[in-house]
Each structure stands twice: as structure tokens, then as C-alpha cells.
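Let me begin by presenting the structure, written as C-alpha cells, before commenting on it.
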Amino acid sequence: MEHLLQVEHVVRKFGGLTAVDDVSLYLNEHELVALIGPNGAGKTTLFNLLTGMVPATSGVIDLRTNKQKYDLTHKNAMQIADLGLSRTFQNIRLFKNLSVMENVLTAMTSKYKEGFMTAVLRLPSFYRTEQEMKSEAHQLLEIFNLSAEEQTLAKNLPYGIQRRLEIVRALATHPQILFLDEPAAGMNPEETADLTDLIKYIQEQFKITVLLIEHDMSLVMNLAQRIYVLDQGKVLASGEPAQIKANPQVIKAYLGEGAD
Ligand SMILES: Nc1ncnc2c1ncn2[C@@H]1O[C@H](COP(=O)(O)OP(=O)(O)O)[C@@H](O)[C@H]1O
Ligand SMILES: [Mg+2]
Numbered sequence: 001m002e003h004l005l006q007v008e009h010v011v012r013k014f015g016g017l018t019a020v021d022d023v024s025l026y027l028n029e030h031e032l033v034a035l036i037g038p039n040g041a042g043k044t045t046l047f048n049l050l051t052g053m054v055p056a057t058s059g060v061i062d063l064r065t066n067k068q069k070y071d072l073t074h075k076n077a078m079q080i081a082d083l084g085l086s087r088t089f090q091n092i093r094l095f096k097n098l099s100v101m102e103n104v105l106t107a108m109t110s111k112y113k114e115g116f117m118t119a120v121l122r123l124p125s126f127y128r129t130e131q132e133m134k135s136e137a138h139q140l141l142e143i144f145n146l147s148a149e150e151q152t153l154a155k156n157l158p159y160g161i162q163r164r165l166e167i168v169r170a171l172a173t174h175p176q177i178l179f180l181d182e183p184a185a186g187m188n189p190e191e192t193a194d195l196t197d198l199i200k201y202i203q204e205q206f207k208i209t210v211l212l213i214e215h216d217m218s219l220v221m222n223l224a225q226r227i228y229v230l231d232q233g234k235v236l237a238s239g240e241p242a243q244i245k246a247n248p249q250v251i252k253a254y255l256g257e258g259a260d
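Just so we're aligned: the sequence shown equals residues 1 to 260 in the UniProt record's numbering.
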């Protein structure tokens with residue numbers, strides 16, 4: 001079967017350290033997949049490889065879209081973003097001194113990708129005016145329950161809300177694949193539950209594929225259709241949530257006692 005994204009035998013070394021060690025995985029269109037594993041396992045490095053922020057030492061990353069195949073291992077971060085791959089960061093990256101609205105507007109491209117959000121927002125096939133960009137930004141912020149904060153400076157937002165704004169910024173680029181690096185980090189259980197619903201909602205409404213790194217197992221087990229477990233740079237296991245929860249190797253390396 002042809003997958004939307006296919007990672008084959010990807011390796012990334014930093015000096016003598018192999019952060020990503022012969023990883024193979026795939027994402028199908030419209031899937032919601034989780035990447036879990038202990039700190040230092042190589043999860044963020046894998047996101048850096050997938051989004052072109054760090055080149056692979058070896059291996060191949062293929063994207064199949066619009067009936068074409070693109071070898072992402074030979075593309076830079078900007079080219080990969082143009083192909084519709086977008087991410088959030090484990091360490092939040094916002095323009096701290098810009099408002100919430102400005103943060104979203106600066107993330108928007110002038111180009112409109114056919115199919116994305118047209119069903120939901122009924123927008124024309126490109127932005128003709130700044131007003132149209134603002135209109136989409138308003139609507140995205142409303143979905144994320146951030147309307148009341150549009151004029152607030154990003155630095156004045158509570159941490160959990162900054163994380164939500166990061167996701168809005170990533171969505172504003174009209175991705176077909178969204179990579180979320182620990183989106184629930186620093187959130188309380190109620191915020192995490194809201195975020196879980198929100199991720200499900202955007203994946204369905206915007207018909208995007210999501211790969212998420214997360215330590216919060218309630219979020220992972222509630223959301224993910226499939227899970228990859230990374231340990232010391234290698235894929236330790238992959239499968240459906242129930243299989244992963246019951247896998248003795250995964251329990252030993254990561255989940256530990258009482259993971260349920
Ligand atoms: N730019 C870098 N230079 C050197 N080592 C790095 C770099 N990025 C990540 N590493 C190392 O790679 C390993 C995996 O890190 P990371 O991908 O951040 O893990 P995770 O996100 O699973 O916690 C760690 O040992 C980390 O120190
Ligand atoms: Mg990380």
C-alpha cells in the first residue's frame with residue numbers, strides 16, 4: 001500500500017550519538033498517530049528530520065501527494081512547509097510581544113491550498129485581502145476558544161493557552177500533515193481533556209493527518225489510531241493503543257507500573 005508519508009531506515013547521528021537509529025514508519029492519509037517513548041528517545045529529532053530542520057545522516061523520507069512522490073530528505077524546511085507539513089515545538093515558539101491575532105496572521109501564507117478548510121470556512125481559493133486573512137484567523141481562534149484573547153500579547157497568556165495558540169499558528173499554514181510536539185505539556189487535566197477534543201475535531205474537520213508526541217497517556221490512548229514507541233532512537237514497538245498498552249517491552253521501557 002502507498003502511504004502518505006513513508007520513513008525508511010532513517011538515521012541521524014550527532015557526533016558519536018545516534019539519536020535516530022534506523023527508524024521506519026508510515027502515516028496514512030487522515031490518520032492520527034502518536035509517537036511515544038522516554039526522554040532522549042529521539043522523538044523531537046525525528047520531527048526535526050521530517051520537517052527538514054535537520055538533515056538525515058541516511059535513509060529516505062517520501063511524501064506521496066497530488067499523485068506525486070517527493071523525496072523530503074533532499075528538501076529544506078521551507079520547501080517541506082510548502083508541501084503542507086507543519087509543526088509545533090516542544091519549547092513554545094511564539095512572537096511574545098505580538099498579540100494573539102498578529103501571531104496567527106504572521107503564520108499565514110498568501111497562498112491558499114485547495115481543499116483545506118473550504119468545507120468549514122467557505123473561503124475563496126486564495127486570500128484577496130487582509131480582511132480575508134483576518135476573517136480566517138478570527139474563525140480559527142474561535143474554534144480554539146481564543147476569541148477573547150485576540151488582542152492579548154502572547155507573553156501574557158497562561159502557558160496552556162500559549163500551547164493552543166501554537167497549534168492555531170501551525171494550522172494557519174494549511175497543513176496536510178500536522179506534527180505536534182508535546183502539545184499537552186504543562187497543561188492541567190481539564191486543559192488536557194479540552195485539547196484532546198480539539199485535536200480530534202481539527203483532524204476530522206480539516207481532514208489532516210496528525211502525528212503527535214505526548215507523554216500524557218490519557219490523551220494518547222484516547223486519540224491515537226496507531227502508536228509508535230521510540231526507545232534509544234529505535235522503534236521498540238508499533239500498533240494499536242490496546243496492543244501497545246499490553247506490550248511487556250513497552251511497559252518495561254516506558255509505561256512502567258500502573259500505566260493504565
Ligand atoms: N542538535 C543536537 N545536537 C546534539 N545532540 C542532540 C541534538 N538534538 C538532539 N540531540 C540528542 O539526541 C537525543 C535525542 O533527543 P530528542 O530527539 O530531543 O529526544 P526526545 O524528544 O525523545 O526527548 C538526546 O540524547 C539529545 O541530547
Ligand atoms: Mg522531545
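Backbone N, C-alpha and C fix where the C-beta goes; we use that ideal spot for every residue, glycine too.
Keep in mind that this is a model prediction, so the values were computed, not measured.
Expressed to the nearest angstrom, what Euclidean distance is found between the alpha-carbon atoms of residue i and residue j?
i, j, result
"S99", "A170", "16 Å"
"V10", "L50", "10 Å"
"Q6", "H215", "24 Å"
"I213", "M108", "24 Å"
"Q131", "V104", "13 Å"
"Q68", "Q176", "15 Å"
"A224", "V33", "5 Å"
"A154", "K96", "5 Å"
"N247", "L236", "10 Å"
"F144", "R164", "7 Å"
"E2", "E31", "14 Å"
"K13", "H138", "42 Å"
"T196", "A185", "12 Å"
"residue 294", "N222", "It is not possible to answer for residue 294, since the shown part of the chain is limited to 1 through 260."
"K111", "K134", "In this predicted model, K111 has a pLDDT of only 48, less than 50, meaning its place in the structure is not dependable; the value taken from the coordinates is given anyway. Between K111 and K134, the C-alpha separation is close to 14 Å."
"R226", "P241", "6 Å"
"N156", "Q79", "33 Å"
"P189", "G160", "11 Å"
"E8", "Q203", "25 Å"
"H174", "S24", "26 Å"
"V60", "D21", "13 Å"
"V220", "V250", "14 Å"
"M187", "T88", "15 Å"
Between residue i and chain C, is any beta-carbon pair separated by less than 7 Å?
i, result
"D71", "In the displayed structure, chain C is absent; only one protein chain is listed."
For residue i, does the count of other Cβ atoms within 10 angstroms reach 16, so buried, or fall short, so exposed?
i, result
"D181", "buried"
"R93", "exposed"
"S218", "exposed"
"H74", "exposed"
"N66", "exposed"
"P183", "buried"
"D71", "exposed"
"D231", "buried"
"A172", "buried"
"L17", "exposed"
"G37", "buried"
"A41", "buried"
"E142", "exposed"
"T106", "exposed"
Residue j and residue i - do their beta-carbons sit closer together than 7 Å?
i, j, result
"T192", "L27", "no"
"F179", "F47", "yes"
"S238", "Y228", "yes"
"A77", "M101", "no"
"G233", "A19", "yes"
"T45", "Q90", "no"
"V4", "E29", "In the sequence on display, residue 4 carries Leu and not Val. Taking 7 Å as the Cβ cut-off, L4 and E29 qualify as a contacting pair."
"L198", "V168", "no"
So, with DSSP's three-state summary, where would you put residue i?
i, result
"I202", "helix"
"F95", "coil"
"A19", "strand"
"V54", "coil"
"K234", "strand"
"T44", "helix"
"residue 262", "For residue 262 there is no data in the structure shown, the boundaries of the chain being 1 and 260."
"K13", "strand"
"I208", "coil"
"E136", "helix"
"T192", "helix"
"A157", "At residue 157 the sequence reads Leu, which differs from the Ala that was named. Coil."
"G115", "Interpretation of G115 is limited by its pLDDT of 45, a score under 50 that renders its predicted location unreliable; the figure taken from the coordinates is listed afterwards. Three-state result, G115: coil."
"L4", "coil"
"Q162", "helix"
Hey, would you say the C-beta of residue i is under 6 Å away from at least one heavy atom of ligand 4?
i, result
"N91", "Among the ligands present in this structure, namely ligand 1 and ligand 2, ligand 4 is not found."
Across the segment 130 to 150 and the segment 78 to 87, are there enough close Cβ pairs to call them in contact, namely three or more that are closer than 8 Å? The segment 130 to 150 vs the segment 78 to 87: no contact.
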